[in-house]
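Report on one structure; see the data block that follows.
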Ligand code: SF4
């Protein structure tokens with residue numbers, strides 16, 4: 002007899018990871034911006050804190066003296082460094098207490114974990130340069146590897162499992178679109194914006210069971226028909242008239258609202274505003290620069306595809322908790338536009354060359370600021386609601402104009 006599973010019952014978990022996940026190994030002392038060095042707050046979870054209270058002797062005393070409490074327990078940094086980092090940039094705590102007694106943050110970074118019902122998804126994040134290397138050099142079609150997991154899990158009551166089932170299918174459709182080689186990066190984003198807005202309408206009208214039917218419209222012809230319709234509407238002036246330079250400047254106002262976690266971010270943001278959004282730069286000059294950059298990037302534009310797939314994997318399914326699918330697509334689009342501008346800035350700074358190391362550096366600065374602060378993600382989500390530039394039609398119009406340079 003089938004039994005309804007209550008929210009409190011333990012359920013069997015599956016773990017799902019991107020195909021490149023197992024390639025990750027920390028490069029420790031070879032790392033340019035070691036996560037134990039860069040001024041990050043290193044939190045200590047409660048279980049680990051309790052364990053550290055029991056460690057005897059001189060090392061135990063030193064360990065306890067190195068812990069303080071802010072919102073959570075964390076290590077007191079010394080000149081921005083973890084106090085246990087040794088002269089060879091290796092972890093002294095690992096040597097003393099063993100890997101199994103490192104806190105969750107130390108043991109897991111740069112891995113992130115999300116729970117969706119009986120599915121646990123794990124990925125590697127772009128704030129780590131080695132993870133970036135793996136993600137941006139990957140040339141395979143994005144896929145996920147699924148395994149049984151020994152960890153039991155109680156389903157979170159905030160998780161909308163019916164919506165989750167529909168969104169997993171929608172996310173698969175998003176991956177298919179991103180892999181479609183006949184579409185440019187801008188075109189992929191235009192179709193995703195349209196799909197995200199349509200899904201949001203269904204959620205808002207309590208019609209989540211129609212999501213699977215809706216997405217066949219976007220996948221049956223690889224998005225071509227949908228893109229053609231969107232393009233026809235654009236040609237017929239159904240979208241607002243917008244300046245690419247002013248549109249992106251309006252987006253940057255939202256990113257200026259973020260709490261600064263690292264001065265490198267403020268410098269990078271101020272610099273793109275200074276060089277691209279001044280009175281001397283008009284739309285035409287802006288587009289010529291962007292075209293030249295794309296031409297030189299050539300086939301390396303797959304790095305943007307990989308970036309977008311990372312965003313889809315990391316954020317799209319969170320809508321099964323907050324019901325805000327469109328917000329996830331807005332985040333992808335605006336993140337892409339900001340990172341692209343940072344890339345063009347790096348390209349100009351390096352005499353119109355853009356190496357793989359430049360790619361790592363720009364995304365590293367961006368990811369540390371935007372992705373590793375829940376507060377900053379919330380600030381962006383708020384801005385997306387209230388400013389017109391983030392409405393579907395404005396973003397699509399902006400992407401159409403900007404697509405001319407790709
Ligand atoms: S940033 Fe990544 S590669 Fe560098 S020390 Fe941390 S986990 Fe290792």
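Numbering (our numbering), first residue to last: 2 to 407. Here a beta-carbon is modelled for each residue, glycine too, at the ideal position from N, C-alpha and C.
Boundaries of the alpha helix (DSSP H) around residue 314: 303-316. Contact check for residue 365 and residue 130: beta-carbon distance about 6 Å, within the 8 Å limit, so the pair qualifies. For residue 357, there is no enclosing beta strand (DSSP E); the residue is found in the alpha helix (DSSP H) stretching over 357-371.
Rounded to the nearest angstrom, the gap between the Cα atoms of residue 27 and residue 304 is 22 Å. Only exposed fits residue 282, as fewer than 16 other CB atoms lie within 10 angstroms of its CB. Between residue 244 and residue 280, the C-beta gap is not smaller than 7 Å, which leaves the two residues out of contact.
Linking residue 103 to residue 52 through their CA atoms gives a straight-line distance of about 10 Å. Contact between residue 235 and residue 401 holds: their C-beta atoms lie close to 5 Å from each other, under 8 Å. Remark: the C-beta of residue 129 is in contact range of ligand 1, defined as less than 6 Å to any heavy atom.
Within the region 2-71, the runs of alpha helix (DSSP H) at least 4 residues long that lie entirely inside it are, in chain order, 47-55 and 58-66.
The residue among 118, 172, 378 and 50 with its C-alpha nearest the C-alpha of residue 197 is 172.
Secondary-structure assignment with DSSP links residue 86 through a beta bridge to 92. A distance criterion of 6 Å places the beta-carbon of residue 398 beyond contact range of ligand 1, judged by its closest non-hydrogen atom. In this structure, 16 is the residue among 310, 16 and 105 with its C-alpha nearest to the C-alpha of residue 149. Ligand 1 has a heavy atom closer than 6 Å to the beta-carbon of residue 111. Excluding five sequence positions before and after residue 371, the CB atoms of its chain that fall closer than 8 Å to its own CB belong to 256, 259, 336, 377, 378 and 381, given in chain order. For residue 45, the closest of 368, 105 and 391 by C-alpha to C-alpha distance is 105.
If you look at residue 217, you'll find it in the alpha helix (DSSP H) that goes 212-220. When C-beta atoms of the region 317-333 are compared with those of the region 214-223, fewer than three pairs fall below 8 Å, so the two segments do not count as touching.
Between the alpha carbons of residue 338 and residue 249 lies a gap of roughly 7 Å. Around the CB of residue 343, 16 or more other CB atoms lie within 10 Å, so the residue is classed as buried.
At a cut-off of 6 Å, the beta-carbon of residue 108 does not count as near ligand 1: no heavy atom of the ligand is closer than that. In the DSSP secondary-structure assignment, residue 150 is bridged to 14. Inter-segment contact for the region 119-128 and the region 309-324 is present: three or more beta-carbon pairs are separated by less than 8 Å. Shown here, residue 140 sits in coil according to DSSP, grouped into three states, outside any helix or strand. Residue environment for residue 353: exposed (fewer than 16 other C-beta atoms within 10 angstroms of its C-beta). A straight line joining the alpha-carbon of residue 261 with that of residue 128 spans about 15 Å. Where residue 125 is concerned, the enclosing beta strand (DSSP E) starts and stops at 120-125.
The three-state reading of DSSP puts residue 115 in strand, counting E and B together. Note that the C-beta distance between residue 36 and residue 110 is below 7 Å. Around the C-beta of residue 186, 16 or more other C-beta atoms lie within 10 Å, and the residue is accordingly described as buried.
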